[in-house]
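In this text, residue positions in the sequence shown follow our numbering: the first is 185, and each later residue adds one. Cβ atoms here follow ideal geometry from the backbone N, Cα and C, with glycine treated the same way.
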Amino acid sequence: MSKAGNIMLMSNETTRGLRRLLATLTLLVVMLVSVVAMGQDKDVLFKMKEQKIPDEVVVNVIKESGPMNLTTEDVDKLKELGAGDVLLKFLEDNGHILVAVNGGGGGDGDPDPADGEVDPAEQDPDEMAAEAARRKAEEDARIRAEAEKLRKEEEARKAKEAELNRMVAKLTDADRLIRQKKYMRAAAICLEFLSKGPDPESDEFYRAKFCLAKSLFNQKIYSGAAGPVLEVLMKGPEKPHFSETFYMLRTLTRENGYEPPQLEDLTKFYIESLPVEFQNDFNFYMGRFFYDYRKFELAFKYLDKVTEDSPDKAAALYLTGVAQIDPEVKKYRSAVQSFQNAILAAEKIKDTDPEILELAYLALARVAYEATNYDGALYYYAKIPKLSPRRSTALFESSWTYFLKNDYNRAMGAFHSLHSPYYEQWYYPDMHILEATVYLNLCKFQLAKEALVVFKARYLDQQPKLQAFLENTGDPEAIYNAIVTIYEKRGTGEDVGLPMLFVQGVLNNIDFRNSHRIIKNLSREETELKAAVAELGDFGAEVLQRVETAKKTQLIDAGIKVQQVLTTMDQELTDWSIKADEIDFEIDGARADEAKRALLNPDYVPPTALEGTTLFVVADDWQFWPFEGEFWVDEIGTYRRFLATACTAP
């Protein structure tokens with residue numbers, strides 16, 4: 185055999201020998217591990233070192249063993265068997281040595297028995313063994329307890345998962361109940377599912393929240409739906425029910441005034457991938473939201489995003505104009521342009537809210553009035569339809585405009601319209617003062633006196649009842665309830681303490697009407713919840729308490745608003761009473777002056793006037809028509825009173 189062949193043969197034999205040795209060591213280690221597991225830790229340690237097993241292997245074998253309680257003699261024996269620093273340090277660091285050993289026994293490293301510790305040589309081996317057994321038993325018990333805890337937790341997790349899976353199937357039943365309009369039963373299922381504690385990020389959680397929101401919304405329990413609606417919305421437009429939930433939110437805002445500041449977070453969502461119609465609705469809503477919170481720059485940003493073909497475009501432009509004339513903004517020219525564009529948009533789009541046209545016309549009229557552009561103001565006031573509930577406001581403000589223009593004929597014609605039965609419920613005390621002033625300026629003293637008499641009979645004589653009501657009625661909630669009661673008893677002939685004249689003045693206040701609507705909705709919700717509180721459990725009780733609190737808050741707010749309106753009426757009547765006295769004094773003085781002038785100019789003949797006659801327009805022609813005591817709706821607003829001065833020329 186060649187030299188190379190011998191080398192190859194020797195290498196193979198050497199390799200086979202090493203493999204046999206490694207297998208033997210491995211088997212030995214396994215056997216030793218088994219022995220360690222049976223608790224014979226110290227003896228195993230000695231046997232491993234007798235077998236010349238490396239320290240690193242020994243450390244791995246005894247790593248999980250219990251305390252060995254090695255004495256100084258044991259350590260010396262290990263050193264004799266070849267234990268090195270690796271093994272000795274491991275034993276010392278892990279508490280297997282009863283006495284710290286540094287460089288052998290009996291030297292400077294030995295502990296001083298005077299420090300209070302018991303010399304291991306003096307310890308009873310039986311006690312040491314018993315202590316070791318006790319510690320091992322405690323450790324075994326701890327391990328078993330931990331294992332039992334983990335087992336129970338796993339069982340609970342599996343049980344919860346199984347219950348959630350069962351409830352997921354019941355969510356399908358809830359969807360069916362919603363379609364069957366059995367909303368409270370559906371809400372109860374959704375609440376039961378949520379009570380199981382599903383993962384808030386799971387699809388099932390989202391589905392249950394939407395189910396709850398939709399059930400309560402369809403039942404018109406808006407206060408209960410508000411929270412779930414907000415939670416579903418804040419999951420973002422990527423979720424399947426974002427759009428439907430947004431339209432629920434619009435209704436909640438309209439019916440209950442639900443508009444929490446958290447809605448500002450909706451601006452972080454990207455909605456450009458959604459249909460244009462939804463984008464318009466969303467942008468208009470957010471524009472109104474920021475307008476209500478007086479964040480005008482953000483309001484302008486979102487209102488401007490509403491496209492030209494949207495039914496809300498006119499309303500967006502109108503709201504923009506209102507914001508632009510706010511004292512914080514003062515963009516009057518821009519406001520006029522916005523109102524004009526709102527009118528054009530309203531005329532162009534059929535689905536536009538018809539009120540927008542009237543509101544825009546009134547806004548333009550008032551801007552022109554404030555700018556002393558009286559002709560412009562009158563032009564826009566005339567745009568309000570005859571049958572509109574805003575017609576009386578337009579006529580009244582027109583009368584002031586005519587008065588400031590010294591156009592007394594038209595001013596008195598407007599007053600004549602406001603005296604019709606169509607507007608008898610409106611509160612206009614200053615109208616009679618204006619009439620008296622016009623008659624005074626035309627030296628028609630008797631008519632001026634008659635206007636003051638009407639003012640006194642209709643308003644001033646009723647003022648003591650108003651003052652008594654304010655003094656005797658208790659807290660704001662009682663005042664609100666009193667107003668509602670008085671209104672409901674109208675026409676019964678029952679004396680309820682406050683004339684309907686003042687009650688109607690409160691009812692015409694837009695803030696009061698909004699509060700009254702919300703209170704009625706909350707009262708209805710309260711009734712619904714009391715009937716369903718058992719079915720809805722703790723959630724129903726919580727919502728009921730929230731509704732009761734919100735209702736009480738609204739009652740107080742509405743009562744305060746009533747107090748403010750009535751107090752303002754009382755103060756205005758006092759002011760107008762002073763003005764009436766001044767006019768009455770002027771009438772007496774002017775009568776005396778006229779008598780003197782008549783004596784000085786006995787040949788003066790005042791111009792004649794067609795008094796007692798009204799004028800209205802038919803097509804492009806002016807026609808005189810005698811007023812016979814009846815008001816016709818198509819004539820309202822077209823009356824003219826021809827008044828010539830009765831003053832004597834000096």
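- Per DSSP, residue 432 is one residue of the alpha helix (DSSP H) stretching across 426 to 440.
- A residue is called buried once 16 or more other Cβ atoms fall within 10 Å of its Cβ, and residue 454, having fewer, is exposed.
- Taking a 10 Å sphere around the C-beta of residue 648, we find fewer than 16 other C-beta atoms and assign the residue as exposed.
- For residue 281, the secondary structure class from DSSP, reduced to helix, strand or coil, is strand.
- According to DSSP, residue pairing for residue 254 in a beta bridge involves 281.
- The C-beta distance from residue 254 to residue 231 rounds to 15 Å, too long to fall under 8 Å, and the pair is not in contact.
- The straight-line gap separating the alpha-carbon atoms of residue 363 and residue 353 is approximately 16 Å.
- Here the alpha carbon of residue 397 sits roughly 48 Å from the alpha carbon of residue 554.
- Residue environment: residue 656 is assigned as exposed (fewer than 16 neighbouring CB atoms within 10 Å of its CB, all protein chains considered).
- Proximity to residue 636 across 779, 424, 467 and 771 peaks at 771, based on C-alpha coordinates.
- Under a 10 Å Cβ-count criterion, residue 568 is classified as buried, with 16 or more other Cβ atoms of the shown protein chains found around its own Cβ.
- Apart from the 5 residues on each side of it in sequence, residue 389 sits with its Cβ closer than 8 Å to the Cβ of 378, 382 and 383 in its chain, given in chain order.
- Annotation note: the segment 511 to 561 contains the following uninterrupted alpha helix (DSSP H) runs of length 4 or greater, listed N- to C-terminal: 516 to 532 and 538 to 554.
- In this model, residue 263 and residue 313 are separated by some 23 Å (Cα to Cα).
- Around the beta carbon of residue 674, a 10 Å sphere encloses fewer than 16 other beta carbons of the protein chains shown; the residue is thus reported as exposed.
- The closest CA to that of residue 392, considering only 329, 367, 594 and 358, is found on 358.
- By a beta-carbon distance limit of 8 Å, residue 407 contacts residue 727. Their separation comes to about 6 Å.
- Taking 7 Å as the cut-off, the beta carbon of residue 586 is found no closer than this to the beta carbon of residue 575.
- A distance below 7 Å separates the beta carbons of residue 239 and residue 271.
- Here the C-alpha atom of residue 774 lies approximately 28 Å from the C-alpha atom of residue 602.
- Runs of the beta strand (DSSP E) lying entirely within the segment 637 to 683 and spanning at least 3 residues: none are present.
- A Cβ-Cβ contact shorter than 7 Å links residue 467 with residue 489.
- The segment 704 to 718 and the segment 607 to 617 do not touch, with fewer than three beta-carbon pairs separated by less than 8 Å.
- Judged by pairs of C-beta atoms under 8 Å, the segment 417 to 434 touches the segment 445 to 463, as three or more such pairs exist.
- Under the three-state reduction of DSSP output, residue 627 falls in the coil class, being neither helix nor strand.
- The criterion of a C-beta distance shorter than 7 Å is satisfied by residue 572 and residue 542.
- Segment contact: the segment 716 to 735 against the segment 628 to 635, fewer than three CB-CB distances shorter than 8 Å; contact not assigned.
- Excluding five sequence positions before and after residue 537, the CB atoms of its chain that fall closer than 7 Å to its own CB belong to 499, given in chain order.
- Per DSSP, reduced to three states, the secondary structure at residue 755 is helical.
- With at least 16 other beta carbons inside 10 angstroms of its own, residue 621 counts as buried.
- Taking residue 449 as the centre and dropping the five residues before and after it, the same chain places the C-beta of 418 closer than 7 Å to its C-beta, in chain order.
- In terms of CA proximity to residue 278, 250 leads the group 257, 250 and 258.
- The continuous alpha helix (DSSP H) containing residue 241 extends over residues 239 to 246.
- Sequence-distant Cβ neighbours of residue 234 in its own chain, meaning closer than 7 Å and more than five residues away, are 265.
- Inclusion of residue 690 and residue 670 in the CB contact set at 7 Å is not warranted, their separation being larger than that value.
- Just measuring C-alpha positions, the residue of 440, 439 and 434 sitting nearest residue 471 is 434.
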